[in-house]
Amino acid sequence: MIVDILKGGFQSTIQDCGRNGYRSRGVTTAGAMDQQAYKIANVLVDNDLDAPCIEMAYGGVSLLFHGTMEVGVTGAANPTVNGKPVSANVTLYMIPGDLLEIKPAASGVYSYIAFSSTLLLDKVLESMSTDIKTGIGGYHGRQIQQGDQLLFEEQSHSCLQQRVMPTVFEGITEKETVIRILSGIEYDAFDSEGQGLLVSEVFEASGDCNRMAYRFKGPKINATSGYDILSDGLTTGTIQITESGELIVMLADCQPTGGYTRIGNVITVDLPKLVQLQPQTKVRFSLVSLEEAHMAMKQENKDFQKWMKTLKPRQKIEIKNESNYNMTINNKRYSVQIVEQQ
Amino acid sequence: MKEKIKIVPNGDSGMSIVFEKGISEDINSSVHHLAKGIAEADITGVVDIVPAYHTLLICYNPLDISYMTLKEQVMQVCEQDYSKSEKSRIVIHIPVLYGGEWGEDIETVASHNDLTIDEVISMHSSVMYRVYMLGFKPGFPYLGGMSDQLATPRLARPRLKILKGSVGIAGRQTGIYPQDSPGGWQLIGRTPLELVDWSKEELTIIEPGQYIKFDPIDKEGFEAIEEAVRLGTYTLDIECLEE
């Protein structure tokens, strides 16, 4: 089964949970920037939570389906099917000839498309995530572009009841996003003034934000004992202060080791909020404890488990005959699949 | 393990074990032995172990193991005696064709340090270099042990493309480019070996904590090894030294 890429968008790559376990070999983890939206997309189509998705920055992808499957579109996306707006965050049913287009949303950056059929691409070091810098993983180690074809395993006939993302996972739009952080490993390299500025002042996402790192404009934070450290392992969400006083948050494509002073770490649960900040969005950082960070993580996991428990599994259908129809009734579009069962 | 260590959180999914600060073989060897011990302990919830110069980062999933439980298990590993395994060092021999089109800047390095090209080659290839860590890029070794008499500043204008396998000098450091990439190192030679193999689970032929030694080869030797690497018949020359 083939899906044609009619438009590749601004920066669209295949991503999954990331390539863990190889930082000590110098390998970037990569993986979906917004791990929450990525996971939800997979749940919408009854996938394993680590199945590969298309990740887009500011949408822009057009896909032509040559087979039947379900898709889940999440994150900063306004999807249309055959030109008509459809809901994001619910299971969508594609049939041959359907055109799925992802328009960017007013707020947010990253969006995801999960596919119920298995994407036929090779894993590199146990992951399908694209590492653009190194040129490995995903679709030939690069962004997807116009003219590419994604190949999927044929899906056996089955029926998946429409799934809807619960409201608990909806992003809340605030005037000033508050990002929770932990004090970093070199927190004491900053004096009380610098430590104070980090949590009292407003920072603004700069135009220089990408999968490697987000840079923020704000007051200059001075390190009292220099800005360079001996190269050390980096974790996603690490907040570094460079000599020019720039505040940088390291993200999915950051190098696995680094050498700038680390004032803090964004907590895992707030990383999706951070990566969805468009340039010029204002943020405040708020210091929390390790216990609070872990509590928030457990709460999010609990919400996920609760949702998963309500979901009906996919039902296999033994069929004799099937036919697909596109129908428009009162300007609303319906795709009808008639299946003659055994 | 007798060294003083500090165990601290590094974000909500990382734990750092910080040894005495500095670039020292002893400290770094303790880091790698602890890394090995933690890997062997196979602790549930640990997703990555990243040894560096004087620190060890453990990435974990807090939904699988609590920070306190992980800390206790790490401390148990610390209490075990790893001194016995420290008595041998593994040396990976890297064949290098020095100078010419393979090391365009060898004359710069020689003249900067008032040496002949042969002296540069003999000084660069007579030392065992410690692989303190891998990082920055896949398979990129941070090496220690180069003679200060070879130190040469980086190129004023970095090259847009440096071929993989290139061996270079930047300041007081020496290293190998595992992939084609832009860079400002003074190039003194090239190895025909492939440092990174994406189809292999261990990925790199060099592991952090090991040593490497550069063996000078000539053009015929370079071509023969290059062909053997291509055919998959090349056997890496690994030496184990008991101290």
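Chains as they are written, first to last, in our numbering: chain A, 783 to 1124; chain B, 76 to 318. Every residue gets a Cβ at the ideal spot worked out from N, C-alpha and C, and that includes glycine.
Residue i and residue j closer than 8 Å at C-beta
i       : j       : result
Y173/B  : I263/B  : yes
P228/B  : G246/B  : yes
T1020/A : G966/A  : yes
S806/A  : P126/B  : yes
G1015/A : L132/B  : yes
I796/A  : T912/A  : yes
G808/A  : L209/B  : yes
A1034/A : T1018/A : yes
C1134/A : D832/A  : Given that chain A is displayed from residue 783 to residue 1124, the structure contains no residue 1134/A and the question cannot be resolved.
V855/A  : S909/A  : no
I784/A  : L933/A  : yes
I251/B  : G240/B  : yes
S91/B   : T130/B  : yes
G890/A  : Q1058/A : yes
L230/B  : Q254/B  : no
L1069/A : V981/A  : yes
S844/A  : I926/A  : no
P23/B   : P267/B  : Since the displayed chain B opens at 76 and closes at 318, residue 23/B lies outside it and no answer follows.
S200/B  : P291/B  : yes
A887/A  : N824/A  : no
T1039/A : A971/A  : no
Y207/B  : Y128/B  : yes
K288/B  : V166/B  : yes
I1030/A : R997/A  : yes
D101/B  : G120/B  : no
A814/A  : Y820/A  : yes
E898/A  : Q928/A  : A quick correction: the sequence has Ser, not Glu, at residue 898/A. Against a cut-off of 8 Å, the Cβ pair of Q928/A and S898/A comes out as no contact.
Y803/A  : D223/B  : The question names Tyr, but residue 803/A is Gly in the sequence shown. No, the pair does not count as a contact, with Cβ atoms beyond the cut-off.
Residues bridged to residue i (per DSSP)
i       : result
R205/B  : G219/B and Y286/B
S965/A  : G1046/A
T873/A  : G854/A
L1029/A : F998/A and I1023/A
S794/A  : M838/A
L933/A  : I784/A
K1098/A : S940/A
G89/B   : C134/B
S1105/A : I1120/A
L1056/A : Partner(s): none; L1056/A has no beta bridge.
G1040/A : D1014/A
T862/A  : P867/A and E883/A
I237/B  : S256/B
E298/B  : Per DSSP, none; premise fails for E298/B.
L172/B  : R265/B
V83/B   : S91/B
D123/B  : C134/B
Among the options, nearest to residue i - alpha-carbon criterion
i       : options                               : result
S105/B  : P257/B, V152/B and G214/B             : V152/B
W177/B  : D123/B, L238/B, V83/B and C315/B      : L238/B
S940/A  : I1099/A, R1044/A, Y1107/A and N1106/A : I1099/A
D272/B  : L109/B, V206/B and F215/B             : F215/B
I1053/A : F897/A, D828/A, G953/A and L874/A     : One point to set straight first is that residue 1053/A is Leu, not Ile, in the sequence displayed. Ranking the options by Cα distance to L1053/A, first place goes to G953/A.
L1093/A : L1072/A, M947/A, G978/A and N1103/A   : M947/A
M851/A  : C991/A, S869/A, C835/A and Y875/A     : Y875/A
A839/A  : G857/A, I1049/A, M1109/A and Y969/A   : G857/A
E154/B  : Y142/B, L109/B, T144/B and I313/B     : L109/B
T810/A  : G929/A, R801/A and Q818/A             : R801/A
N1113/A : G841/A, P867/A, D990/A and H922/A     : P867/A
V950/A  : Q1097/A, E1082/A, R1096/A and Y804/A  : E1082/A
K52/B   : P257/B, Q248/B, N103/B and Q224/B     : With chain B covering 76 to 318 only, the question about residue 52/B has no answer from this structure.
D1010/A : N1004/A, E1025/A, K1002/A and I1003/A : E1025/A
I98/B   : G219/B, R164/B and D180/B             : G219/B
Select from the region 203 to 214 of chain B all residues with a C-beta closer than 8 Å to any C-beta belonging to chain A, and list them in chain order.
Contacts with chain A (Cβ-Cβ distance below 8 Å) from the region 203 to 214 of chain B involve M208, L209, G210, F211, K212, P213 and G214, listed in chain order.
Touching or not, the region 982 to 1000 of chain A and the region 1060 to 1068 of chain A, by the rule of three or more beta carbon pairs under 8 Å?
Counting Cβ pairs under 8 Å, three or more are found: they touch.
Determine which residues of the region 1074 to 1095 of chain A have a Cβ less than 8 Å from any Cβ of chain B, and write them out in chain order.
Cβ proximity to chain B below 8 Å picks out A1075, H1076, M1079, K1080 and N1083 from the region 1074 to 1095 of chain A.
Give me the subset of the region 84 to 110 of chain B whose CB atoms are less than 9 Å from a CB atom of chain A, sorted by chain position.
For the region 84 to 110 of chain B, which is checked against every Cβ of chain A, the residues closer than 9 Å are P84, N85, G86, D87, S88, G89, S91, V93, K96, G97, I98 and A110.
Looking at chain A, which residues of the region 263 to 284 of chain B have a Cβ within less than 9 Å of any of its Cβ atoms?
Listed in chain order, the positions of the region 263 to 284 of chain B with a beta carbon within less than 9 Å of a beta carbon of chain A are V271, W273, S274, E276, E277, L278, T279, E282 and P283.
Using a Cβ-Cβ cut-off of less than 7 Å, give me the residues of the region 116 to 130 of chain B that come near chain A, in sequence order.
For the region 116 to 130 of chain B, which is checked against every Cβ of chain A, the residues closer than 7 Å are V122, D123, I124, V125, P126, A127, Y128, H129 and T130.
Touch check for the region 907 to 924 of chain A and the region 879 to 890 of chain A: three-plus C-beta pairs under 8 Å?
Contact between the region 907 to 924 of chain A and the region 879 to 890 of chain A is absent, with fewer than three C-beta pairs closer than 8 Å.
Using a Cβ-Cβ cut-off of less than 9 Å, list which residues of the region 237 to 257 of chain B approach chain A; keep chain order.
For the region 237 to 257 of chain B, which is checked against every Cβ of chain A, the residues closer than 9 Å are P253 and Q254.
Mind listing which residues of the region 213 to 234 of chain B have their C-beta closer than 9 Å to chain A's C-betas, in chain order?
Only P213, G214, F215, P216 and Y217 from the region 213 to 234 of chain B bring a Cβ to less than 9 Å from some Cβ of chain A.
Scan the region 881 to 908 of chain A for residues whose Cβ lies nearer than 8 Å to a Cβ of chain B and list them as they occur along the chain.
Within the region 881 to 908 of chain A, the residues whose Cβ lies closer than 8 Å to some Cβ of chain B are V906 and L907, listed in chain order.
Would you check if there are 3 or more beta carbon pairs closer than 8 Å linking the region 181 to 198 of chain B to the region 268 to 285 of chain B?
With fewer than three CB-CB distances shorter than 8 Å, the region 181 to 198 of chain B does not count as touching the region 268 to 285 of chain B.
At a Cβ cut of 7 Å, what residues of the region 957 to 980 of chain A count as close to chain B, listed as they run along the chain?
Contact annotation: in the region 957 to 980 of chain A, residues whose CB is within less than 7 Å of a CB in chain B are L964 and I967.
Within 7 Å of chain B by C-beta, residues of the region 1029 to 1043 of chain A in sequence order
Here the close residues are Q1037, P1038 and T1039.
When Cβ atoms are compared, which residues of the region 130 to 154 of chain B fall closer than 7 Å to chain A?
Those would be T130, L132, C134, P137, L138 and Y142, in chain order.
Identify each residue in the region 1002 to 1016 of chain A for which the Cβ-Cβ distance to at least one residue of chain B is less than 7 Å, and report them in chain order.
From the region 1002 to 1016 of chain A, only L1012, S1013, D1014 and G1015 have a Cβ closer than 7 Å to chain B.
If the cut-off is 9 Å on Cβ atoms, which residues from the region 804 to 817 of chain A count as contacting chain B, listed in chain order?
The region 804 to 817 of chain A vs chain B, Cβ under 9 Å: Y804, R805, S806, R807, G808, V809, T810 and T811.
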